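According to this note's numbering, the sequence shown is numbered sequentially starting from 1.
Accompanying notes for the structure given below.
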Amino acid sequence: MDSCMEISWNASLIDPTHSRQSKPRTTTGLTMVLDKGLGLTAFRDLLQLASAYVDFIKLGFGTTGITPVPILQKKIEIASQYHTYLYPGGTFFEVAYTQGKTSEYFYTLKRLGFDWVEISDGTVSIPESDRYTLIEEAQAHSLRVITEIGKKAKHSITPIHQLTHLFKQDRKHGAEFVIIEGRESGCDVGIYDDCGMMDTSYVHQVCSFIDHRYLWWECPQISQQIELLHLLGNDVNIGNVAVPDILSLESLRRGLRSDTLSTMTSLKKDPVL
């Protein structure tokens with residue numbers, strides 16, 4: 001056997017859908033992973049193994065602020081080497097907002113080397129006018145903006161008319177993506193009930209009113225990911241994916257798990273809503 005010969009799988013075996021996009025993915029089929037405190041070795045291992053399937057990594061909660069700066073900058077550097085975007089979770093932004101320090105926050109993020117920022121109001125209240133001003137202010141600091149809609153409180157769900165309005169206004173003011181709140185747990189918040197079951201009717205209605213190519217669904221549980229893929233197809237944008245579940249989700253997207261084998265391999269690019 002020639003040890004120099006490159007060994008690879010037939011393309012139809014690793015993607016039975018024949019439709020999974022490769023990086024760089026621009027608007028659809030995006031996967032955002034939640035980093036709750038990985039060290040550099042684990043972070044590098046993650047990207048060595050799965051960078052082809054990870055588009056964004058969110059530094060959860062306010063962990064950006066308590067990660068040693070040299071390690072934080074090294075993470076940004078490693079992520080860039082693997083063509084993956086790293087950005088801080090929205091709660092850290094909300095802390096800056098409550099202290100009147102958003103300008104300093106944006107400035108420091110850019111100095112550290114971040115290219116993206118999340119603007120959210122999951123815990124605090126931000127007037128709409130402030131929300132749009134902050135989106136524009138972040139862009140003035142050369143940061144690309146992701147916004148989030150929804151509260152973190154239990155039983156909270158954003159009325160569809162309000163979600164539609166905020167989505168369109170956020171996009172109008174420069175947000176590139178909008179996240180639907182689902183938290184780390186995927187339970188008793190947003191589109192999920194206290195058992196983690198998804199309100200599929202709500203999802204369908206949202207997608208009938210807005211261009212969901214620019215929408216990210218926080219969808220941390222594998223059962224939820226399966227349901228969302230069945231509903232919206234393998235190009236749906238999914239966020240808050242746990243580190244151990246990255247390859248599992250990619251397998252689901254490609255029809256490489258029994259849960260999606262039959263549906264993904266007969267997938268049409270435009271799902272019926």
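Virtual Cβ for every residue (Gly too), placed ideally from N, Cα, C.
Computed from a predicted model, the values in this text were never measured in an experiment.
CB-CB length for residue i against residue j, believed under 8 Å
i, j, result
"residue 175", "residue 206", "With a Cβ gap of about 16 Å, residue 175 and residue 206 do not count as contacting."
"residue 75", "residue 40", "7 Å"
"residue 118", "residue 97", "At roughly 12 Å, the Cβ-Cβ gap does not stay under 8 Å, so residue 118 and residue 97 are not in contact."
"residue 46", "residue 241", "Wrong, their Cβ atoms sit about 11 Å apart, outside the cutoff."
Helix, strand or coil at residue i according to DSSP, with G and I counted as helix
i, result
"residue 257", "coil"
"residue 56", "strand"
"residue 177", "strand"
"residue 7", "coil"
"residue 25", "coil"
"residue 223", "helix"
"residue 48", "helix"
"residue 110", "helix"
"residue 230", "helix"
"residue 16", "coil"
"residue 153", "coil"
"residue 69", "helix"
Residue i versus residue j - alpha carbon distance
i, j, result
"residue 12", "residue 256", "11 Å"
"residue 272", "residue 163", "Because the pLDDT of residue 272 is 43, which lies under 50, any placement of that residue in the model is unreliable, and the number read from its coordinates should be weighed accordingly. Taking the straight line joining both Cα atoms gives about 21 Å."
"residue 252", "residue 68", "35 Å"
"residue 261", "residue 183", "28 Å"
"residue 270", "residue 232", "Residue placement at residue 270 cannot be trusted, given a pLDDT of 46 that sits under 50; the coordinates are not used to answer."
"residue 264", "residue 226", "11 Å"
"residue 291", "residue 24", "What the structure shows of the chain is the stretch from 1 to 273, and residue 291 is not part of that stretch, so it cannot be assessed."
Residue range of the alpha helix (DSSP H) that includes residue i
i, result
"residue 65", "63-66"
"residue 146", "No alpha helix (DSSP H) contains residue 146, which is instead part of the beta strand (DSSP E) from 144-149."
"residue 161", "160-172"
"residue 129", "128-140"
Residues that residue i bridges to, as DSSP identifies them
i, result
"residue 86", "57"
"residue 192", "189 and 198"
"residue 237", "216"
"residue 76", "DSSP lists no partner for residue 76."
"residue 33", "57 and 241"
"residue 119", "147"
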